[in-house]
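In our numbering, the protein residues as written are 1 to 65.
Set out below in structure tokens:
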């Protein structure tokens with residue numbers, strides 16, 4: 001079962017996560033991405049693939065500037 005098919009629940013609230021636009025701020029730059037997030041507390045799930053892939057790439061690009 002892939003991450004997209006999986007029904008994730010918040011570890012804090014036990015609510016089912018829903019797709020939400022999440023805004024990131026890093027080194028003065030702002031970017032957003034649709035991610036599973038808790039509708040109650042706002043906790044966000046960032047998959048290992050996203051963290052080690054696209055987010056790591058963006059981090060490296062911004063730090064090189």
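Ideal Cβ positions, reconstructed from N, Cα and C, are used throughout, including at glycine. This one's a predicted model, so the numbers in the text were calculated from it and none came from an experiment.
Check, Outcome
"On a CA-only basis, which of 12, 27, 17 is nearest residue 61? Give me that one, please.", "27"
"Would you kindly work out how many angstroms separate the C-alpha atoms of residue 54 and residue 12, rounded to a whole number?", "26 Å"
"Could you name the residues of the same chain whose beta carbon sits closer than 8 Å to that of residue 23, not counting the 5 residues immediately before and after it, in chain order?", "30, 31, 32"
"Distance check for residue 49 and residue 37, CA to CA, integer angstroms please.", "17 Å"
"Per the DSSP calculation, residue 36 is bridged to which residue(s)?", "19"
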